[in-house]
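Below is one structure, written out as structure tokens; the observations come after it.
Number of protein chains: 2
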Amino acid sequence: MTQPDFQQQLRDVALRVTRPRLAVLEAVHAHPHADTESVIAAARTLLPEVSHQAVYDSLHTLTEVGLVRSIKPAGSVARYETRTGDNHHHVVCRSCGSIADVDCAVGHTPCLTASDSHGFVVDEAEVIYWGTCPECSHRPQ
Amino acid sequence: MTQPDFQQQLRDVALRVTRPRLAVLEAVHAHPHADTESVIAAARTLLPEVSHQAVYDSLHTLTEVGLVRSIKPAGSVARYETRTGDNHHHVVCRSCGSIADVDCAVGHTPCLTASDSHGFVVDEAEVIYWGTCPECSHRPQ
DNA sequence: CCACTTATCTTGAATCAGTCAAGATTTCAC
DNA sequence: GTGAAATCTTGACTGATTCAAGATAAGTGG
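These protein sequence lines are chains A and B, in that order. Going by the working numbering, 121 is the number at position 107 of the first sequence; the sequence numbering is gapless. Going by the working numbering, 58 is the number at position 44 of the second sequence; the sequence numbering is gapless.
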């Protein structure tokens with residue numbers, strides 16, 4: 015993934031290629047599961063003067079078109095990743111909040127068929143596994 | 015579920031039986047999936063002078079002991095329910111935010127076995143189905 | 001290559017759910 | 001009934017996210 019790749023991604027979804035968006039894309043790609051503050055910091059190493067608002071806007075826009083995906087586990091602020099469209103899920107550490115990717119056990123679009131969805135038209139199943147990360151379980155308390 | 019039942023529930027988990035807690039338990043039981051503000055309002059119909067802080071405290075405490083469960087779908091504030099311990103999940107309407115219960119398709123503790131959990135010790139799998147509720151899909155836009 | 005339209009960005013203020021803290025009350029065990 | 005400790009009230013505060021207005025820059029057509 016290089017600068018031109020990100021530019022192409024933006025063009026492919028008919029979005030204007032702006033420096034803030036490139037910086038955000040690159041930042042999220044380099045720091046999967048980073049929260050907004052970290053994305054802002056990372057983006058600023060590439061483009062020192064980006065406003066936090068531009069980052070928020072970019073993240074929203076990129077999320078809408080599907081170039082980034084946002085996850086908001088309960089008790090955590092929003093986090094972002096560029097791995098999209100492959101229906102993977104996440105393990106979240108209850109203790110330190112760290113996140114790892116998990117391919118679903120049941121194959122593709124798992125659990126997507128709810129037994130009784132009360133007439134809802136379901137288009138996505140989001141799974142969050144809660145537990146303890148290796149680091150936190152080794153260091154008791 | 016009557017007042018004495020709620021009192022007993024509190025005693026069973028060694029919590030003091032206070033009027034705010036009873037009001038909150040009853041409110042959540044009567045309004046499944048209600049957000050905090052609604053719980054406060056409902057609790058105040060039973061106990062007019064409860065402080066919002068007491069409701070927050072009660073919700074936290076009751077959640078810790080497992081008498082209520084909290085859900086926080088992305089983009090929504092915290093919501094609460096008294097149906098606990100049966101590993102059910104939720105469908106959330108992207109359009110209006112309404113929530114319905116869903117028993118998991120795969121049986122009990124579904125999907126709980128992630129294929130590769132990166133060394134995490136997983137103790138719970140939370141599933142959120144995203145879609146459109148009957149009302150919103152009938153009324154286009 | 002230039003001008004124009006409009007999306008996007010900057011700046012700075014505002015919102016709002018949720019939290020913190022100190023002192024007053026209430027619960028429950030004895 | 002009494003006392004210790006948990007719980008509640010009051011009121012201020014935090015911090016992630018959003019709103020709004022004007023400035024700037026991307027892409028289009030000439």
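For each residue, glycine too, the CB sits at the ideal point set by N, CA and C.
May I ask you to verify whether the segment 37–46 of chain B touches the segment 127–147 of chain A, counting CB pairs closer than 8 angstroms and requiring at least 3? Counting Cβ pairs under 8 angstroms, fewer than three are found: no touch.
Buried or exposed for Thr-123(A), going by 16 or more other Cβ atoms inside 10 Å? If you number the first sequence from 1, residue 123(A) lands on position 109. Residue placement at Thr-123(A) cannot be trusted, given a pLDDT of 49 that sits under 50; what the coordinates show is reported in the next sentence. Thr-123(A) counts as exposed, since fewer than 16 other beta carbons sit within 10 angstroms of its beta carbon.
In the DSSP assignment, find the unbroken alpha helix (DSSP H) run with Cys-150(A) in it and report its ends. Locating residue 150(A) in the first sequence gives position 136, counting from the first residue. Taken as a continuous stretch (DSSP letters only), the alpha helix (DSSP H) holding Cys-150(A) covers 148–152.
Could you please give the first and the last residue of the uninterrupted alpha helix (DSSP H) stretch that includes Ser-84(B)? Your numbering for residue 84(B) matches position 70 in the second sequence. Annotation for Ser-84(B): no alpha helix (DSSP H) segment contains it, though the beta strand (DSSP E) segment containing it runs 83–85.
Beta-carbon proximity list for Gly-111(B), same chain, < 6 angstroms, skipping 5 on both sides: As a working mapping, residue 111(B) is identified with position 97 in the second sequence. Once the five neighbours on either side are set aside, the close Cβ partners of Gly-111(B) are Ser-90.
Closest by CA to Ser-131(B), which one among Cys-147(A), His-132(A) and Phe-134(A)? As a working mapping, residue 131(B) is identified with position 117 in the second sequence. Nearest in C-alpha terms to Ser-131(B), of all of Cys-147(A), His-132(A) and Phe-134(A), is Cys-147(A).
Start and end residues, beta strand (DSSP E) containing Glu-95(A): On the first sequence, position 81 is the one that residue 95(A) refers to. First-last of the beta strand (DSSP E) with Glu-95(A): 93–95.
Taking only three categories from DSSP, how would you classify Asp-71(A)? The residue you call residue 71(A) lines up with position 57 of the first sequence. If DSSP states are grouped into helix, strand and coil, Asp-71(A) belongs with the helices.
So, for Ala-41(A): in the same chain, excluding its five sequence neighbours on each side, which residues have a beta-carbon less than 6 angstroms away from its beta-carbon? Reading the first sequence from its first residue, position 27 is the one you call residue 41(A). So the list reads Val-53, Ala-56 and Ala-57, once near-sequence residues are dropped.
Pull up the distance between the alpha-carbon of Asp-26(A) and that of Gly-80(B), whole angstroms please. Locating residue 26(A) in the first sequence gives position 12, counting from the first residue. Locating residue 80(B) in the second sequence gives position 66, counting from the first residue. If you draw a straight line from the Cα of Asp-26(A) to the Cα of Gly-80(B), it is about 48 angstroms long.
Per-residue DSSP class, three states only, for Asp-117(B): In the second sequence, the residue the question calls residue 117(B) occupies position 103. Residue state, collapsed to three classes: strand.
Got a sec: is the Cβ-Cβ distance from Tyr-94(A) to anything in chain B below 8 angstroms? Taking the first residue of the first sequence as 1, we reach residue 94(A) at position 80. Contact with chain B is absent for Tyr-94(A), since none of that chain's Cβ atoms lies less than 8 angstroms from the residue's Cβ.
Find the residues of chain B that neighbour Phe-134(A), judging by a C-beta separation of less than 8 angstroms, and give them in chain order. Along the first sequence, one-based indexing puts residue 134(A) at 120. Under the 8 angstroms cutoff, chain B gives Val-105, Cys-107, Ala-114, Tyr-143, Gly-145, Thr-146, Cys-147 and Pro-148.
What is the DSSP secondary structure of Thr-98(A), reduced to helix, strand or coil? Along the first sequence, one-based indexing puts residue 98(A) at 84. Coil at Thr-98(A), not helix or strand.
Below 8 angstroms between beta carbons: does that hold for Tyr-94(B) and Leu-73(B)? For the purposes of this step, residue 94(B) is identified with residue 80 of the second sequence, where counting begins at 1. For the purposes of this step, residue 73(B) is identified with residue 59 of the second sequence, where counting begins at 1. Note that the C-beta distance between Tyr-94(B) and Leu-73(B) is below 8 angstroms.
Would DSSP call Glu-63(A) helix, strand or coil? Here residue 63(A) is taken as the residue at index 49 of the first sequence, counted from 1. Three-state DSSP puts Glu-63(A) in coil, outside helix and strand.
Beta-carbon within less than 7 angstroms of His-47(A)'s beta-carbon, same chain only, minus the 5 sequence neighbours each way: which residues are those? Numbered from its first residue, the first sequence carries residue 47(A) at position 33. Spatial neighbours of His-47(A) in its own chain (CB-CB distance under 7 angstroms, excluding positions within 5 residues in sequence) are listed in chain order as Arg-93, Glu-95 and Ile-113.
Contact defined as beta carbons within less than 8 angstroms: I believe Met-15(A) pairs with His-45(A). What is the distance between those atoms, to the nearest angstrom? To locate residue 15(A), count along the first sequence from 1; it is residue 1. To locate residue 45(A), count along the first sequence from 1; it is residue 31. No, Met-15(A) and His-45(A) are not in contact; Cβ-Cβ is about 13 angstroms, not under 8 angstroms.
My output table needs one value for His-43(B): the three-state DSSP class, helix, strand or coil. Position 29 of the second sequence, counted from the start, is the residue given in the question as residue 43(B). DSSP places His-43(B) in helix when its eight states are reduced to three.
Counting only Cβ pairs nearer than 8 angstroms, list the residues of chain A close to Ala-48(B). Along the second sequence, one-based indexing puts residue 48(B) at 34. The contacting residues do not exist; Ala-48(B) stays about 16 angstroms from chain A at best.
Within its chain, find whatever has a CB closer than 6 angstroms to the CB of Leu-76(A); leave out the 5 residues flanking it on each side and keep chain order. Here residue 76(A) refers to the residue found at position 62 when the first sequence is read from its first residue. Setting aside the 5 residues that flank it on each side, Leu-76(A) is surrounded in the same chain by Val-82, each with a C-beta closer than 6 angstroms to its C-beta; the list follows chain order.
I want to verify the contact list: residues of chain B whose CB lies under 7 angstroms from the CB of Glu-63(A), in sequence order. Translated into positions along the first sequence, residue 63(A) becomes position 49. What Glu-63(A) touches in chain B: nothing, since even the nearest Cβ is about 30 angstroms away.
Per-residue burial, Glu-31(B) [other beta carbons within 10 Å of its own, 16 or more giving buried]: The count along the second sequence starts at 1 and reaches residue 31(B) at position 17. Sequence check: residue 31(B) is Val here, not Glu. When all chains shown are included, Val-31(B) counts as exposed.
Can you pull the chain B residues whose beta carbon is under 8 angstroms from the beta carbon of Glu-138(A), in chain order? Within the first sequence, numbered from 1, the residue matching residue 138(A) stands at position 124. When 8 angstroms is used as the limit between beta carbons, Glu-138(A) is near these residues of chain B: Tyr-143, Trp-144 and Gly-145, in chain order.
For His-104(A) and Asp-115(A), what's the separation of their Cα atoms in angstroms? Working through the first sequence from its first residue, we reach residue 104(A) at position 90. Working through the first sequence from its first residue, we reach residue 115(A) at position 101. Using only the alpha carbons, I get a separation of about 5 angstroms.
What three-state label does DSSP hand Val-27(A) in the structure shown? Position 13 of the first sequence, counted from the start, is the residue given in the question as residue 27(A). DSSP places Val-27(A) in the coil class of the three-state scheme, outside both helix and strand.
Consider the Cβ of Ser-72(B): report whether some Cβ of chain A lies at a distance smaller than 8 angstroms. Residue 72(B) sits at position 58 when you count from the first residue of the second sequence. Not closer than 8 angstroms to any Cβ of chain A, the Cβ of Ser-72(B) fails to qualify, so no.
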